[in-house]
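Engineer:
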Amino acid sequence: MNYRHAFHVGNFADILKHLVLVLCIESLKKKDKPFRYIDTHAGIGRYDLTGDEARRSPEWQEGIGRIWAAHKAGDIPEDVAAILKPYLDAVSEINYDGDLESYPGSPDLAATLMREQDSLRLTELHPADKETLTDHFFRDKRVKIENRNGYEALKAYLPPPERRGVVLVDPPFEHRDELAHMAKGAMGGISRWPTGTYIFWRPLKDMENTQKFDDGLAEWLLDDMEFSHEKILLADLWVKEIVEPGPLCGAGVVVVNPPYGMQEALLTVLPWVTELLQQDEGAGWRINAPEAEPGLEEQIDVEIENVPTFDPDDGNIELSDEDLAELGLNKNDI
1 MNYRHAFHVG NFADILKHLV LVLCIESLKK KDKPFRYIDT HAGIGRYDLT
51 GDEARRSPEW QEGIGRIWAA HKAGDIPEDV AAILKPYLDA VSEINYDGDL
101 ESYPGSPDLA ATLMREQDSL RLTELHPADK ETLTDHFFRD KRVKIENRNG
151 YEALKAYLPP PERRGVVLVD PPFEHRDELA HMAKGAMGGI SRWPTGTYIF
201 WRPLKDMENT QKFDDGLAEW LLDDMEFSHE KILLADLWVK EIVEPGPLCG
251 AGVVVVNPPY GMQEALLTVL PWVTELLQQD EGAGWRINAP EAEPGLEEQI
301 DVEIENVPTF DPDDGNIELS DEDLAELGLN KNDI
């Protein structure tokens, strides 16, 4: 448990993850009925961009810093600005004087956007972070927080009584077998609550195993759960060429049961975000659903070498040693 998100807060990976989360929450708010947000790896809630960690590793300056500057200068295209508005409004709400000094973690972002009738269930395994998170939300009666393993929490929290909501699974990837744990959590959670929206974040570093996770999850959803293709969406962003091994320069999400219009919104936003955040000519993005509309590939003018495909043809993910080995997700090989 050595990972500290304060060193990485507001970077490009946060941007994509949070844009997707905001799209999910804003869609759920279109109905008056309450919904629930579940975060399996919640962190501390809100981050100080002027603090020691953020100053020592100011990744936010090349992430939210660039977007904030474009926002303040009025340089965001109108169609992109309309989609970014709820996200930037939430960031603005915690930066009262207009200077970018704080950044909301996923639970803080969700709480800012959610309504009085909605609820949040947060888990954080790191004891100190859990205490900080509890202190941050101590006045918010919508929020309940537990110090427990996030994957175990999926069994306890699902299905939620509201029967509407979004689950964010965003582990720190400290363990080499994290994809296997996330596969198990995904299958267990979706089996218990197949109508919920799920966001599974994963880094683009170990590309072979990331692809196998994506393909295996898609295969299980399509064959075992009998999901339709449009209920699976993958979105990736990389700010420079992905080199293995090397530092994190790409990340993405697999969204299960994405809200209507998410693919179109991301097709509008991601080209602009990628151009703004790029750190070299190898930057790119992609959105991929198993059955994209004809001609979609021509709309996505990006280099896709060294990023995972999303063809559900690689077997399903089971957690027996034999099946994990078949998928390349066994603990010895990862």
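The sequence shown lines up with residues 1 to 334 when you count with the UniProt record's numbering. Beta carbons are placed, not taken as given, at the ideal position from N, Cα and C, and that holds for glycine.
Count the other CB atoms, across all protein chains shown, that sit within 10 Å of the CB of residue 99; report buried if there are 16 or more and exposed otherwise.
Structural biologist: exposed
Engineer: May I have the straight-line CA-CA distance separating residue 281 from residue 138, to the nearest angstrom?
Structural biologist: 45 Å
Engineer: Check each candidate in 27, 75, 12, 153 and name the one with the smallest Cα separation from residue 110.
Structural biologist: 27
Engineer: Quick one: any contact between the region 155–166 and the region 184–199, if contact means 3 or more CB pairs under 8 Å?
Structural biologist: These segments touch.
Engineer: How would you label residue 124, buried or exposed, when you count the other beta carbons within 10 angstroms and need 16 or more for buried?
Structural biologist: buried
Engineer: Taking all protein chains shown into account, decide if residue 226 is buried (16 or more other Cβ within 10 angstroms of its Cβ) or exposed.
Structural biologist: Classification for residue 226: exposed.
Engineer: What's the C-alpha gap between residue 118 and residue 189?
Structural biologist: 20 Å
Engineer: Counting only the same chain and skipping the five closest in sequence on each side, list residues whose C-beta sits under 7 Å from that of residue 193.
Structural biologist: 158, 159
Engineer: Taking residue 216 as the reference, which of 186, 244, 155 has the closest Cα?
Structural biologist: 186
Engineer: Closest Cβ-Cβ distance between residue 113 and chain B: below 7 Å?
Structural biologist: Looking for chain B here will not work: only one protein chain is present.
Engineer: Within the region 37–120, note down every full beta strand (DSSP E) run reaching 3 residues or more, in order along the chain.
Structural biologist: 46–48, 102–104
Engineer: Could you spell out the range, first to last residue, of the alpha helix (DSSP H) harbouring residue 272?
Structural biologist: 262–277
Engineer: Mind reading off the beta-carbon distance from residue 251 to residue 172? Whole number of angstroms is fine, and I expect it under 8 Å.
Structural biologist: Contact flag wrong, Cβ pair sits at about 12 Å.
Engineer: Enumerate in chain order the residues of its own chain whose CB-to-CB distance from residue 337 is below 6 Å, with the five nearest sequence positions on each side excluded.
Structural biologist: No answer is possible for residue 337: the residues shown for the chain start at 1 and end at 334.
Engineer: Would you call the region 127–141 and the region 69–76 in contact, with 3 or more CB pairs under 8 Å?
Structural biologist: Contact fails: fewer than three Cβ-Cβ distances are below 8 Å.
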